[in-house]
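The structure appears right after this line, and notes come after that.
2 protein chains.
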Amino acid sequence: MHQTLEAALEINLLHANQDGADRNRAILDEWGIRCLNLMSSPGAGKTVLLEKTLAQLNGEINIAIIEGDMTTELDADRLRQYGVPVIAINTGRSCHLDSKMVAGGLHRLAHEYDPTVFDLAIVENVGNLVCPAEFEVGEHLKVALLSITEGEDKPLKYPLMFQEADCLLLTKMDLAPYLDIDINRIEANVRQMNPDVTILPVSAKTGQGLDAWVMWLRSGVRNRVSI
Amino acid sequence: MHQTLEAALEINLLHANQDGADRNRAILDEWGIRCLNLMSSPGAGKTVLLEKTLAQLNGEINIAIIEGDMTTELDADRLRQYGVPVIAINTGRSCHLDSKMVAGGLHRLAHEYDPTVFDLAIVENVGNLVCPAEFEVGEHLKVALLSITEGEDKPLKYPLMFQEADCLLLTKMDLAPYLDIDINRIEANVRQMNPDVTILPVSAKTGQGLDAWVMWLRSGVRNRVSI
Numbered sequence: 001m002h003q004t005l006e007a008a009l010e011i012n013l014l015h016a017n018q019d020g021a022d023r024n025r026a027i028l029d030e031w032g033i034r035c036l037n038l039m040s041s042p043g044a045g046k047t048v049l050l051e052k053t054l055a056q057l058n059g060e061i062n063i064a065i066i067e068g069d070m071t072t073e074l075d076a077d078r079l080r081q082y083g084v085p086v087i088a089i090n091t092g093r094s095c096h097l098d099s100k101m102v103a104g105g106l107h108r109l110a111h112e113y114d115p116t117v118f119d120l121a122i123v124e125n126v127g128n129l130v131c132p133a134e135f136e137v138g139e140h141l142k143v144a145l146l147s148i149t150e151g152e153d154k155p156l157k158y159p160l161m162f163q164e165a166d167c168l169l170l171t172k173m174d175l176a177p178y179l180d181i182d183i184n185r186i187e188a189n190v191r192q193m194n195p196d197v198t199i200l201p202v203s204a205k206t207g208q209g210l211d212a213w214v215m216w217l218r219s220g221v222r223n224r225v226s227i
Numbered sequence: 228m229h230q231t232l233e234a235a236l237e238i239n240l241l242h243a244n245q246d247g248a249d250r251n252r253a254i255l256d257e258w259g260i261r262c263l264n265l266m267s268s269p270g271a272g273k274t275v276l277l278e279k280t281l282a283q284l285n286g287e288i289n290i291a292i293i294e295g296d297m298t299t300e301l302d303a304d305r306l307r308q309y310g311v312p313v314i315a316i317n318t319g320r321s322c323h324l325d326s327k328m329v330a331g332g333l334h335r336l337a338h339e340y341d342p343t344v345f346d347l348a349i350v351e352n353v354g355n356l357v358c359p360a361e362f363e364v365g366e367h368l369k370v371a372l373l374s375i376t377e378g379e380d381k382p383l384k385y386p387l388m389f390q391e392a393d394c395l396l397l398t399k400m401d402l403a404p405y406l407d408i409d410i411n412r413i414e415a416n417v418r419q420m421n422p423d424v425t426i427l428p429v430s431a432k433t434g435q436g437l438d439a440w441v442m443w444l445r446s447g448v449r450n451r452v453s454i
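Those protein sequences? They're chains A and B, same order as listed.
Take the first sequence: its letter number 53 is residue 53 in this note's numbering, and every next letter is one higher.
Take the position in the second sequence, starting the count at 1, then add 227; the result is the number in this note's numbering.
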């Protein structure tokens, strides 16, 4: 295949994905659901963050989860224990969710529940610091996690994820004393990519920063009303 | 685009990549170079492992590095300090190296050096636990790293990387006392995906396991002679 044909096909694919994302967002708006796309490297702590979030917010805010994984329902099963609807999507060989997969998830949500009762849909993406940032799924807000164990240089080396994020959680802060890293330098590197992003240092283990995260989330859901 | 056309194009792409990988391997064999493809999530410690490896082996084994990063030469610059040739490849938006990019790297290596003096070429892939496992670049051996901070379930959730690896390094072992994880369970999950893989627990910080790693590497290079 010629390089130009490859490039043209890729642009087509991204355009088709964007159209699908816009359609998903219109459906979510009609249902009155705010949607958040949660992204990070594998093992940065997306699922445990959701566990803590559901424990704190469920009941106050009606939350549905769309859970993306290449294979298994391990994470979906963890989250189902919190009594919320969890729509599991296995992406197979695909390294990210795309808008077509999430459209299928929204269809299943509407089939199994009255979707207008939900305030917030959280999409947990496949663990990957690269491709999920390129494929919108219909979200209103993007949240990225960076585990501080991943090192100071990641915002410089994987810029798109950090440029796209509305909120960046620095996770596993409890490990800071055992790592040769400078949290200020991580934050400076993030700001170099995205001066306006909200940066929240958190630890699911000690609870550090979780109140600030829940406050950010509440205000993100409330903003829906004013759109 | 229809799903079937998309699938056909993807199969085409993977076939073309495999052909390129076979060509790269033939060139490497002609030069007498053993090639290793180093893969992991972002921040699992590929570059620091290479630093430790070069400090221990350079001089004894002639090593060239092919350094893949989406952007920046941060890692390449770190490794150049060890006095080895480092061919930097920026993949742009691509989340993995492919055989065409590495062919370009080998071309540059042969242009700048006499390639027949090298015993070992180590390809450091883009930080991604998914796609690099699908795109061979011409390597003889695949080495995957899993930081124990990423959790016990990763081999089950990202199976291909673990199925493909000849050697799996469990990195950041020095953090084990501070994590709620069971190393035996990680190893059992890896073995479930790949019963025969060599598993080496290591810590770049304390030096744990680095001798075993270097021994594995030495024997991997020696095996070249008997092929």
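Glycine included, every Cβ here is placed at the ideal spot set by N, Cα and C.
Assigned with DSSP and collapsed to three states, GLY365/B falls in coil, not helix or strand. Closer than 8 Å at the C-beta level to chain A, one finds these residues of the segment 332-356 of chain B: VAL353, GLY354, ASN355, LEU356. Taking 7 Å as the CB threshold, GLY209/A stays off the interface with chain B. Selection PRO195/A, ASN12/A, ALA16/A, ASP22/A evaluated against HIS140/A yields ASP22/A as nearest (Cα-Cα).
For ASP296/B, the enclosing beta strand (DSSP E) begins and ends at 290-296. Against chain A, the beta carbon of MET297/B has neighbours under 9 Å at VAL130, LYS157, TYR158, PRO159, LEU160, listed in chain order.
Chain-ordered, the chain A residues with CB closer than 8 Å to the CB of GLY270/B read SER41, SER147, THR149, GLU150, GLY151, LYS154. For LEU49/A, not one C-beta of chain B is nearer than 7 Å to its own C-beta. Residues of the segment 386-408 of chain B with a C-beta less than 9 Å from any C-beta of chain A: PRO386, LEU387, LYS399, ASP401, LEU402, PRO404, TYR405, LEU406, ASP407, listed in chain order. Distance from the CA of LEU324/B to the CA of ASN352/B, rounded to the nearest whole angstrom, comes to 6 Å.
Annotation for GLU124/A: the continuous beta strand (DSSP E) segment containing it runs 120-124. For LEU301/B, the nearest beta carbon of chain A is closer than 7 Å to its own beta carbon.
Collapsing the DSSP output to three states places ARG23/A in a helix. Looking at the backbone, the Cα of VAL344/B and that of ARG449/B are separated by about 15 Å. In this structure, ASP174/A is the residue among ILE87/A, ASP174/A, TRP216/A with its C-alpha nearest to the C-alpha of GLY207/A.
The Cβ neighbour count for ALA291/B, taken over all protein chains shown within 10 Å, is at least 16; the residue is labelled buried. For the pair TRP31/A and ARG261/B, the Cα-to-Cα distance works out to about 58 Å.
Residues of chain A with a Cβ closer than 7 Å to the Cβ of LEU236/B are, in chain order, LEU9. Taking a Cβ-Cβ threshold of 8 Å, none of the residues of chain A is close to CYS262/B; the smallest such distance is about 23 Å. Per DSSP, MET173/A is not a residue of any beta strand (DSSP E), being assigned neither H nor E. C-alpha of ILE148/A to C-alpha of LEU170/A: approximately 6 Å in a straight line. For VAL275/B, the uninterrupted alpha helix (DSSP H) segment begins and ends at 273-284. Within the same chain, LEU38, ILE65, LEU79, ILE122, GLU124 come within 8 Å of LEU50/A by CB-CB distance, once the 5 residues on both sides are set aside.
With fewer than 16 other beta carbons inside 10 angstroms of its own, SER446/B counts as exposed.
Rounded to the nearest angstrom, the gap between the Cα atoms of GLU150/A and ASN317/B is 20 Å.
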